[in-house]
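Undergrad: First the structure, then my questions, so here it is.
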Amino acid sequence: MNGYNFAYLDEQTKRMIRRALLKAVAIPGYQVPFGGREMPMPYGWGTGGVQVTASILGADDILKVIDQGADDTTNAVSIRHFFQRVAGVETTTSTATADVIQTRHRIPETPLRNGQILVFQVPIPEPLRFIEPSEQETRMMHALEEYGVMHVKLYEDIARYGHIATTYAYPVKVDGRYVMDPSPIPKFDNPKLDGNPALMLFGAGREKRLYAIPPYTRVESLDFEDHPFEVQTWEHTCALCGSDHSYLDEVITDDKGGRMFVCSDTDYCQTRRGEVA
Amino acid sequence: MERGMTVKPEMTTGLVWSALADPAHDSQRLFRQILAALSEPGTLHAIAVAEPPQARLGAALWGALLTLCDLETKIWIAADLDSPPLREALTFHTGARITNDPANADFALLTPESFDPDIPFALGSDSYPDRSTTLLVAVERLENIEGWRLSGPGIAESRMLDIGDGSRALMTRLAANRASFPCGLDAIFGCGGQLAAIPRSTRIDSTRIDGANAGEVN
Ligand SMILES: [Zn+2]
Chain C
2 MNGYNFAYLD EQTKRMIRRA LLKAVAIPGY QVPFGGREMP MPYGWGTGGV
52 QVTASILGAD DILKVIDQGA DDTTNAVSIR HFFQRVAGVE TTTSTATADV
102 IQTRHRIPET PLRNGQILVF QVPIPEPLRF IEPSEQETRM MHALEEYGVM
152 HVKLYEDIAR YGHIATTYAY PVKVDGRYVM DPSPIPKFDN PKLDGNPALM
202 LFGAGREKRL YAIPPYTRVE SLDFEDHPFE VQTWEHTCAL CGSDHSYLDE
252 VITDDKGGRM FVCSDTDYCQ TRRGEVA
Chain B
8 MERGMTVKPE MTTGLVWSAL ADPAHDSQRL FRQILAALSE PGTLHAIAVA
58 EPPQARLGAA LWGALLTLCD LETKIWIAAD LDSPPLREAL TFHTGARITN
108 DPANADFALL TPESFDPDIP FALGSDSYPD RSTTLLVAVE RLENIEGWRL
158 SGPGIAESRM LDIGDGSRAL MTRLAANRAS FPCGLDAIFG CGGQLAAIPR
208 STRIDSTRID GANAGEVN
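The listed protein sequences derive, respectively, from chains C and B. With positions in the first sequence counted from 1, the corresponding number in the working numbering is that position plus 1. With positions in the second sequence counted from 1, the corresponding number in the working numbering is that position plus 7.
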């Protein structure tokens, strides 16, 4: 394969990442440090997710890659082509067909099944980082379950805006223990983290951290009794497939200010429109 | 679920310590099985690896060692599994170092009989709970039947697992992981070619000791 090892990474790097992944599933929501390698793409392109995918992917796997719900964005296409080239794997846009799905910023609308693995690209793995810049301190806060500051931050939102303004990367608590950043997915997707039959793996390339949510794991979005967690809703339905229950993006249709709302999950929308055989 | 099998602890002759036939692809396939075993505690996975000459170790654990170990890992071996040929094979095929210090071991090879709660394996620290010893335990039975009831992450409701007689001290230790969480010991079990696992996140109850009203093991 043009001098590359299978799936690009050398075997020793894969073993190191694999050992870290086993720790990650054993301690759900805990950030495992790993000795990441430089990848042939810039950090903003999901190198953490790419390293996880490269370490788990097999020749028989069918891979799907999405960015903001779409299979055809530059980021998704380039990662898909990368794995076609270095692992020779079959790829798909169909959520139901895929064995491994690498994603940036969304969880597919089609419910995942047991046996599938969802790999998240994570820019900033530490949910407490905006409160505490020191890694040593945030490690200590996780160790002592000192999560009060996180609630204070969310409550400041309520005081200022009358509701919790955080709409992306909304913090969750995994199996009643670790507070975790679910990566910048919309909070609309947070309920899909709870009790999901699929295995969810998270990779942060710049900070070299891995974490995981095993299948059927309890995942709660942080909230308050008087301000319970709520997901976004829309007054519109999808202009293309009519869905009244998916996450919608507003798109500009012309230069006269025309706009419409469409599913952000392109595979889901196309499947509903019967365009996928 | 594949049915479990029983292995007798005598040495098998005429076998060799073989490496993975296709290292990159075989280790990927085995890793995914080990990942599935730890992600869904108590599920059984058939490991297709040549049986090693030391029957009690079994193909599943030999495959796990070949998949997970290299120059960066240290292995502790209990007396009842230790042998010069095993040490030689591990060094030759993986480059892993054998250590006599359990607190310094990434992996520990043992049986329920050689498990002793006083062995000071690494449990990790509150800040770095991942710096712990993973137990690789050769057991005489792996079946999804009454014995121990598992629940928690990776398990929709509950799952039964029996790892054979004489496992009470080991399972009591693994049940105590809940109290020390996130520090603790993750265990990977091998029985012949079958593999299963119980990570530290799993809740463990006995289904046998107290009859119908099984109490938590502590
Ligand atoms: Zn739609």
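Don't be surprised by glycine CBs; every beta carbon is placed ideally from N, CA and C.
By Cβ distance below 7 angstroms, which residues in the same chain neighbour residue 138 of chain B in space, the five residues on each side in sequence not counted?
TA: Numbered from 1 along the second sequence, position 131 holds the residue referred to as residue 138 of chain B. Result list for residue 138 of chain B: 129, 131, 132, in chain order.
Undergrad: Compare the beta carbon distance of residue 216 of chain C and residue 187 of chain C with 8 angstroms and say whether it is the shorter of the two.
TA: For this step, residue 216 of chain C is matched to residue 215 along the first sequence. For this step, residue 187 of chain C is matched to residue 186 along the first sequence. Not in contact: residue 216 of chain C and residue 187 of chain C (Cβ atoms no closer than 8 angstroms).
Undergrad: List the whole-angstrom C-beta distance separating residue 84 of chain C from residue 113 of chain C, where the pair is believed to meet the contact cut-off of C-beta under 8 angstroms.
TA: The residue labelled residue 84 of chain C in the question sits at position 83 within the first sequence. The residue labelled residue 113 of chain C in the question sits at position 112 within the first sequence. Contact doesn't hold; Cβ gap of about 19 angstroms is too wide.
Undergrad: Whose beta carbon lies closer than 5 angstroms to any heavy atom of ligand 1, going through the chain in order?
TA: Selection output, chain order preserved: C/239, C/241, C/242, C/244, C/264, C/270.
Undergrad: How about residue 172 of chain C and residue 119 of chain C: do their beta carbons lie closer than 8 angstroms?
TA: As a working mapping, residue 172 of chain C is identified with position 171 in the first sequence. As a working mapping, residue 119 of chain C is identified with position 118 in the first sequence. No.
Undergrad: To which residues of the same chain is residue 80 of chain B closer than 6 angstroms at the C-beta, ignoring the five residues directly before and after it?
TA: The sequence position of residue 80 of chain B within the second sequence is 73, counting from 1. Same-chain partners within the cutoff: 103, 113.
Undergrad: For residue 150 of chain C, which of C/100, C/272, C/128 has the nearest alpha-carbon?
TA: As a position in the first sequence, residue 150 of chain C is number 149, starting the count at 1. When only C-alpha atoms are compared, the closest one is C/128.
Undergrad: Using the rule of at least 16 other Cβ atoms within 10 Å of the residue's Cβ for burial, across every protein chain shown, is residue 252 of chain C buried or exposed?
TA: Position 251 of the first sequence holds residue 252 of chain C. That one is exposed.
Undergrad: If the cut-off is 9 angstroms on Cβ atoms, which residues from the segment 152–172 of chain B count as contacting chain C, listed in chain order?
TA: Answer in chain order: 159, 160, 161, 162, 163, 164.
Undergrad: Once the 5 residues before and after residue 173 of chain B are set aside, which same chain residues still bring their CB inside 7 angstroms of it?
TA: Along the second sequence, read from residue 1 onward, the residue named residue 173 of chain B stands at position 166. Excluding positions up to five away in sequence, the list reads 119, 120.
Undergrad: Give the secondary structure of residue 48 of chain C by DSSP, where H, G and I count as helix, E and B as strand, and everything else as coil.
TA: As a working note, residue 48 of chain C is residue 47 in the first sequence. In the structure shown, residue 48 of chain C sits in a helix (DSSP, three-state: H, G or I).
Undergrad: Quick one: is residue 24 of chain C near chain D, going by C-beta distance under 8 angstroms?
TA: This model lacks chain D altogether; the protein chains it does include are C and B.
Undergrad: What in chain C is Cβ-close to residue 188 of chain B, meaning under 9 angstroms?
TA: Here residue 188 of chain B refers to the residue found at position 181 of the second sequence. The contacting residues are 28, 178.
Undergrad: Would DSSP call residue 357 of chain C helix, strand or coil?
TA: Any answer about residue 357 of chain C is impossible in this case: the structure gives chain C only from 2 up to 278.
Undergrad: Taking a cut of 8 angstroms between CB atoms, which residues from the segment 21–33 of chain B lie near chain C?
TA: Those residues of the segment 21–33 of chain B that come within reach of chain C (Cβ to Cβ, closer than 8 angstroms) are 30, 31, 32.
Undergrad: Applying a beta-carbon distance threshold of less than 8 angstroms, which residues of chain B neighbour residue 13 of chain C?
TA: Translated into the one-based positions of the first sequence, residue 13 of chain C becomes position 12. Under the 8 angstroms cutoff, chain B gives 77, 78, 79.
Undergrad: Checking 8 angstroms against the spacing of the C-beta atoms, do residue 169 of chain C and residue 31 of chain C come in under that value?
TA: By one-based count along the first sequence, residue 169 of chain C stands at place 168. By one-based count along the first sequence, residue 31 of chain C stands at place 30. No.
Undergrad: Listed from N- to C-terminal order along the chain, which residues in the segment 112–134 of chain B have their beta-carbon within a distance smaller than 9 angstroms of any beta-carbon of chain C?
TA: Residues 113, 131, 132, 133, 134.
Undergrad: Would you say residue 221 of chain B lies against chain C (beta-carbon separation less than 8 angstroms)?
TA: Position 214 of the second sequence, counted from the start, is the residue given in the question as residue 221 of chain B. Its pLDDT being 39, under 50, residue 221 of chain B is placed unreliably by the model, and nothing is read from it.
Undergrad: What is the C-beta distance between residue 261 of chain C and residue 267 of chain C, in whole angstroms, given that I count them as a contact (C-beta under 8 angstroms)?
TA: Along the first sequence, one-based indexing puts residue 261 of chain C at 260. Along the first sequence, one-based indexing puts residue 267 of chain C at 266. The pair is not a contact, with the Cβ atoms about 15 angstroms apart (cut-off 8 angstroms).
Undergrad: Applying the criterion that 16 or more other CB atoms from any shown protein chain within 10 Å of the CB defines a buried residue, is residue 234 of chain C buried or exposed?
TA: As a first step, residue 234 of chain C must be located in the first sequence, where it is residue number 233. Exposed.
Undergrad: What's the gap between the Cα of residue 177 of chain B and the Cα of residue 123 of chain B?
TA: Counting from one through the second sequence, the residue named residue 177 of chain B turns up at place 170. Counting from one through the second sequence, the residue named residue 123 of chain B turns up at place 116. Going by the C-alpha atoms only, they are around 8 angstroms apart.
Undergrad: Span of the beta strand (DSSP E) holding residue 198 of chain B?
TA: For the purposes of this step, residue 198 of chain B is taken as residue 191 along the second sequence, with counting starting at 1. Residue 198 of chain B -> beta strand (DSSP E) spans 193–198.
Undergrad: Which residues of the segment 193–221 of chain C have a Cβ closer than 7 angstroms to any Cβ of chain B? Give them in chain order.
TA: Those would be 200, 215, 216, 217, 218, in chain order.
Undergrad: Could you tell me whether any Cβ in chain B is nearer than 8 angstroms to the Cβ of residue 130 of chain C?
TA: Within the first sequence, the letter at position 129 stands for residue 130 of chain C. So, not an interface residue.
Undergrad: Check the Cβ of residue 150 of chain B against every Cβ in chain C and list those closer than 7 angstroms, keeping chain order.
TA: As a working note, residue 150 of chain B is residue 143 in the second sequence. Those do not exist, as residue 150 of chain B stays about 21 angstroms from chain C at its closest Cβ, beyond 7 angstroms.
Undergrad: Just the C-alpha distance for residue 97 of chain B and residue 43 of chain C, rounded to the nearest angstrom, thanks.
TA: Translated into positions along the second sequence, residue 97 of chain B becomes position 90. Translated into positions along the first sequence, residue 43 of chain C becomes position 42. Taking the straight line joining both Cα atoms gives about 38 angstroms.
Undergrad: My output table needs one value for residue 132 of chain C: the three-state DSSP class, helix, strand or coil.
TA: Mapped onto the first sequence, residue 132 of chain C falls at position 131. In the structure shown, residue 132 of chain C sits in coil (DSSP, three-state: anything other than H, G, I, E or B).
Undergrad: Within a Cβ cutoff of 6 angstroms, which residues of the same chain sit near residue 55 of chain C, ignoring the five residues on either side of it in sequence?
TA: The residue given as residue 55 of chain C occupies position 54 in the first sequence. Cβ within range, chain order: 8, 9, 10.
Undergrad: Quick check: the Cα distance between residue 206 of chain B and residue 257 of chain C, rounded to an integer number of angstroms?
TA: Residue 206 of chain B sits at position 199 when you count from the first residue of the second sequence. Residue 257 of chain C sits at position 256 when you count from the first residue of the first sequence. Residue 206 of chain B and residue 257 of chain C: Cα-Cα distance of roughly 58 angstroms.
Undergrad: Run through DSSP, which three-state label would residue 139 of chain C get?
TA: Your numbering for residue 139 of chain C matches position 138 in the first sequence. Residue 139 of chain C falls in the helix class under three-state DSSP.
Undergrad: Check distances from the C-beta atoms of the segment 31–60 of chain B to those of chain C and list, in chain order, the residues that come in under 9 angstroms.
TA: Correct list: 31, 32, 34, 35, 36, 38, 39, 41, 42, 43, 45, 46, 47, 48.
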